[in-house]
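Working notes for the structure below.
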Amino acid sequence: MDFWRLLSPAAADGTLLIGHHNPWVGGAAFFLAVVGASVLVPAVNRYRGHQHRYVWLLGGALTMGLGFWGMHFASMLAYHLPVIHGYDRTHSLLSMVPVIVACGLCIFLCSFNRSPPYHVVLAALVLGVGIAGTHFWGMEAMRLPVAMHYKPGLFFVSLLAAFVLPLGALLSVHWLRKKVSHHSNALPLVATLAVGLSVCAFHILAMSATYFVVTDPSVLVTTHPVPRGLMAAIVLVAILVVLLLIGLLLDRRWVDLSQSLARSEQRFTRMAQNSGVAIFTYNQNGVVYANPALSTILGYDKKEIETLPLAEVLGQDCADFALGAINGKPVEGENFQSQFEVTTKSGHVRWIYLSISVERKCQALIGLASSFDITSQKLAESNYRKLAYKDSLTRLANRAMFIDRVEHHLALLNRRGGNITSCILLIDLDKFKVTNDTLGHAHGDQLLQAVGERLLACSRSSDTVARLGGDEFVILAEGADDIYDIQAIAEKIIEEFKTPLNIGVQQVQVEISMGALPIVPKAYNSSDDILRDADIAMYRAKKVNGSYWVIFNEELDASARRMRQLQIELKQTIEQGSLQFFYQPIIDIAEQRVVGFESLARWQRETGEWVSPAEFIPLAERSGSVSDIGLWALKRAAQQVAQWSARFNRRDIYISINIAAVSFGDERFYQLLDDMFAQYDLAPGQIRIELTERILMENADMVLPKLEKLLQMGCNLMLDDFGTGYSSLSYLHRLPINTVKIDRSFIENLNQDQQAPAIVKSIVGLAENLNMSVISEGVETPQQSAQLLDLGCQVVQGFLYSKPMPPEAAEAYYEQYNSTGNIVSDDSLAANMM
Numbered sequence: 001m002d003f004w005r006l007l008s009p010a011a012a013d014g015t016l017l018i019g020h021h022n023p024w025v026g027g028a029a030f031f032l033a034v035v036g037a038s039v040l041v042p043a044v045n046r047y048r049g050h051q052h053r054y055v056w057l058l059g060g061a062l063t064m065g066l067g068f069w070g071m072h073f074a075s076m077l078a079y080h081l082p083v084i085h086g087y088d089r090t091h092s093l094l095s096m097v098p099v100i101v102a103c104g105l106c107i108f109l110c111s112f113n114r115s116p117p118y119h120v121v122l123a124a125l126v127l128g129v130g131i132a133g134t135h136f137w138g139m140e141a142m143r144l145p146v147a148m149h150y151k152p153g154l155f156f157v158s159l160l161a162a163f164v165l166p167l168g169a170l171l172s173v174h175w176l177r178k179k180v181s182h183h184s185n186a187l188p189l190v191a192t193l194a195v196g197l198s199v200c201a202f203h204i205l206a207m208s209a210t211y212f213v214v215t216d217p218s219v220l221v222t223t224h225p226v227p228r229g230l231m232a233a234i235v236l237v238a239i240l241v242v243l244l245l246i247g248l249l250l251d252r253r254w255v256d257l258s259q260s261l262a263r264s265e266q267r268f269t270r271m272a273q274n275s276g277v278a279i280f281t282y283n284q285n286g287v288v289y290a291n292p293a294l295s296t297i298l299g300y301d302k303k304e305i306e307t308l309p310l311a312e313v314l315g316q317d318c319a320d321f322a323l324g325a326i327n328g329k330p331v332e333g334e335n336f337q338s339q340f341e342v343t344t345k346s347g348h349v350r351w352i353y354l355s356i357s358v359e360r361k362c363q364a365l366i367g368l369a370s371s372f373d374i375t376s377q378k379l380a381e382s383n384y385r386k387l388a389y390k391d392s393l394t395r396l397a398n399r400a401m402f403i404d405r406v407e408h409h410l411a412l413l414n415r416r417g418g419n420i421t422s423c424i425l426l427i428d429l430d431k432f433k434v435t436n437d438t439l440g441h442a443h444g445d446q447l448l449q450a451v452g453e454r455l456l457a458c459s460r461s462s463d464t465v466a467r468l469g470g471d472e473f474v475i476l477a478e479g480a481d482d483i484y485d486i487q488a489i490a491e492k493i494i495e496e497f498k499t500p501l502n503i504g505v506q507q508v509q510v511e512i513s514m515g516a517l518p519i520v521p522k523a524y525n526s527s528d529d530i531l532r533d534a535d536i537a538m539y540r541a542k543k544v545n546g547s548y549w550v551i552f553n554e555e556l557d558a559s560a561r562r563m564r565q566l567q568i569e570l571k572q573t574i575e576q577g578s579l580q581f582f583y584q585p586i587i588d589i590a591e592q593r594v595v596g597f598e599s600l601a602r603w604q605r606e607t608g609e610w611v612s613p614a615e616f617i618p619l620a621e622r623s624g625s626v627s628d629i630g631l632w633a634l635k636r637a638a639q640q641v642a643q644w645s646a647r648f649n650r651r652d653i654y655i656s657i658n659i660a661a662v663s664f665g666d667e668r669f670y671q672l673l674d675d676m677f678a679q680y681d682l683a684p685g686q687i688r689i690e691l692t693e694r695i696l697m698e699n700a701d702m703v704l705p706k707l708e709k710l711l712q713m714g715c716n717l718m719l720d721d722f723g724t725g726y727s728s729l730s731y732l733h734r735l736p737i738n739t740v741k742i743d744r745s746f747i748e749n750l751n752q753d754q755q756a757p758a759i760v761k762s763i764v765g766l767a768e769n770l771n772m773s774v775i776s777e778g779v780e781t782p783q784q785s786a787q788l789l790d791l792g793c794q795v796v797q798g799f800l801y802s803k804p805m806p807p808e809a810a811e812a813y814y815e816q817y818n819s820t821g822n823i824v825s826d827d828s829l830a831a832n833m834m
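According to our numbering, the sequence shown is numbered sequentially starting from 1.
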């Protein structure tokens, strides 16, 4: 084998032959080079970190080397000469040894972490020697009928390229490794292309340095067969290289997945170790793994947790729950959740929330549990419940807690039966609003607190004392044996409140009204019924001045049943518009004529019973329907006065209506009033509104704009029952009142009380000075009528002249007396009233 075929073409003796490459086969050769080069980076990585590193070194060397060897011989097959030639099998096979060894050394030298540049240079030199050795040894395996020579210049250039080209490729890979991530796809791609191109470039240079000399023209042919053995060998090598590459890629994928799984496990372990949530696994024998959070919660160290029985670590209840999750027939992945009270190693009680899922491992079920401390949450819930059942001001039980206690007590009584075993005492502070307004809200709150403390002081520890709201308190006194016990408890409370309460630097005398209700087994089914009847007794007590208590009895029960029935019927009557309105004439006794009427609501039940306004008006106020009565009164009055104005051609006649405080603040009332004036074309003053002193005096500053609004709509304003209940003289000049109605109490005493005439005269004089008219109510005798005329009051109303009448009778009354101009008093009616 002659390796020194260096001869200049000019010195050759014979005809020179130059071959050419088939581009398609040359492309296949380039593919083999690239495939072989693609193994470099994965093989380096596997050799560097894999436990079977030498297997990967050998596999990488074989795959790379065979790829480059296959590229060389595929290129030789692509190289066409016009002579028949063949290949020596022994030399052809042995020619792969240099490149395989060189590739193994290259992988070894490149596998060092942060390989220094001289390692890269050495690897490039080794790889260049291997590639060149394989190439020129393979060229010597050719069997030709012509002489083969190398151009000296290009020969040495190709040898230099065998080193320089791989060096450039490996240096680019070395530089890129420092710039990109270890897992980046850029690194293997650059290594594959750079090394593969360098090998192909060397082959092209080496073949450019090769030429052939023909001395016998008879050996030239136009076609020649491709050596089948070499072709089969190259195909086999290509298949082997591809399979090795596929195996390498699959292993790389497997390693990547393994590394990813390992990283996930590491992240999970770090998270578990640093998490505040306790994470642990367990089986029948106890805890298998636990993170530090479980030790933090329970106080046991890791060794104790993993060696002690589950019941000792978690407590019996929690352990039974955990073992039950894996001892039954759970579905894998099924989740179990609960809360448990556990005792720590130090003996402290804590609450934990436990969540368990089940996993099967080696035919056995294991529990995957997470738990966290909810002690703070439980304490917060406990405090919330206390706040939910405590009155924030007095710290007594609130309505919710009291209702709960009563419902529980009712259930207990109904099960046991027997005689009276308890009672309810409903307590209300008399005139608390006045006291609160006088002392101020801060002192009012202190007063409520002091009342609560005093009620606690005079109650037993078994009693429940609660504040229902506002100034209303209640006591559930359990264990009262008979009616005398109830009386003793009530009298004791009344006696205690005879002593003034100390509020700041002041002493405040508090009067209370109390309703006592014995709770008889099976008599009540709900707390609402109990409070309703206690409330009835309490309101009966309020009718007595001073502190007083009333016990609920059959008489009050009958009265309460009647009130409830009346309330139902009254609501239906108002909704249907069936309430009647009667009219009482208002008389100018000086001019002997009817000037107007007062509208008064009247109610006749379907049974025929007439219900007194003194009975049904308070019912309407308590049910909230009194404002609807005011709306009906206004509507009927507007219709009636419009009808009378049209019939008698008089627009000076008026009807006055009484409205409650709630109607005074009802926007529906003002809208209806505006509609009525517009619909019936009423003259100003034909609708007059009667207001009580209480409505006007409770908040004069807020009332004043509403009064002005009523005046602008066309109403006149009357102050009803003047002189009773409030000291209103100081406010009277500020209010736009048109008429003052003197209360009947002054009229009744005109003959008996020497001061009454003087009071009436003073009121008349005050009204005249304020440019107001005066009407006297409740005139029942001719003497009262005459006296009032002498005192300067000429407009009156009362039973002396007429009782309230239905609309038809009132119309006839007006027609009769205004046509004659002579109003005669109804002496018989007056006599009956007296």
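Beta carbons: idealized from backbone N, C-alpha and C, even for Gly.
What's the gap between the Cα of residue i and the Cα of residue j?
i: SER264; j: ALA290; result: 18 Å
i: ARG5; j: TYR150; result: 6 Å
i: THR90; j: GLY130; result: 18 Å
i: PRO82; j: THR210; result: 15 Å
i: ILE695; j: MET713; result: 20 Å
i: GLY792; j: LYS761; result: 7 Å
i: PRO807; j: GLN640; result: 8 Å
i: SER776; j: ARG744; result: 7 Å
i: SER727; j: MET697; result: Annotation note: pLDDT 47 at SER727 (below 50); position unreliable, coordinate value reported separately. Each residue's alpha carbon lies about 9 Å from the other.
i: MET772; j: ASN738; result: 5 Å
i: GLN604; j: ILE574; result: 12 Å
i: ASP88; j: ALA141; result: 5 Å
i: TYR583; j: SER599; result: 5 Å
i: GLU811; j: ARG540; result: 41 Å
i: ASP13; j: ALA74; result: 30 Å
i: GLY665; j: ASP588; result: 32 Å
With 16 other CB atoms within 10 Å as the buried threshold, where does residue i fall?
i: HIS409; result: buried
i: SER559; result: exposed
i: LYS741; result: buried
i: TRP137; result: buried
i: SER861; result: Missing from the structure shown is residue 861; the chain here goes from 1 to 834 and no further.
i: SER371; result: buried
i: LEU294; result: buried
i: LEU32; result: buried
i: LEU16; result: exposed
i: MET845; result: The shown model of the chain, from 1 to 834, leaves out residue 845, and the question about it has no answer.
i: GLU708; result: exposed
Between residue i and residue j, is the Cβ-Cβ spacing less than 8 Å?
i: SER72; j: HIS21; result: It should be pointed out that residue 72 corresponds to His in this sequence rather than to Ser. No, Cβ-Cβ distance for HIS72 and HIS21 is not below 8 Å.
i: GLU306; j: GLY286; result: yes
i: PRO757; j: LEU766; result: no
i: VAL779; j: VAL595; result: no
i: PHE432; j: ASP391; result: no
i: LEU455; j: ARG405; result: no
i: VAL44; j: CYS110; result: yes
i: ALA191; j: ALA37; result: yes
i: LEU122; j: ALA161; result: no
i: LEU682; j: LEU631; result: no
What residue ranges within the segment 66-153 form continuous alpha helix (DSSP H) runs of no fewer than 4 residues, ordered along the chain?
89-94, 96-110, 117-140
Which residue spans inside the segment 539-601 form an unbroken alpha helix (DSSP H) run of at least 4?
554-576
Would you say the segment 486-506 touches the segment 449-467, given that touching needs at least three Cβ pairs under 8 Å?
yes
Using a Cβ distance threshold of 8 Å, determine whether the segment 501-510 contacts the segment 524-538, with at least three qualifying pairs required.
no
Alpha helix (DSSP H) segments (min. 4 residues) lying fully within the segment 292-374
292-298, 302-307, 310-314, 316-327
Complete runs of the alpha helix (DSSP H) confined to the segment 716-769 [at least 4 residues]
729-732, 744-748, 755-769
Of all the alpha helix (DSSP H) runs that stay within the bounds of the segment 440-506, which reach a length of 4 or more residues?
441-457, 483-496
Within 8 Å, do at least three Cβ pairs link the segment 349-357 to the segment 368-387?
yes
Going along the chain, which unbroken runs of the beta strand (DSSP E) with 3 or more residues stay wholly within the segment 9-43?
15-17
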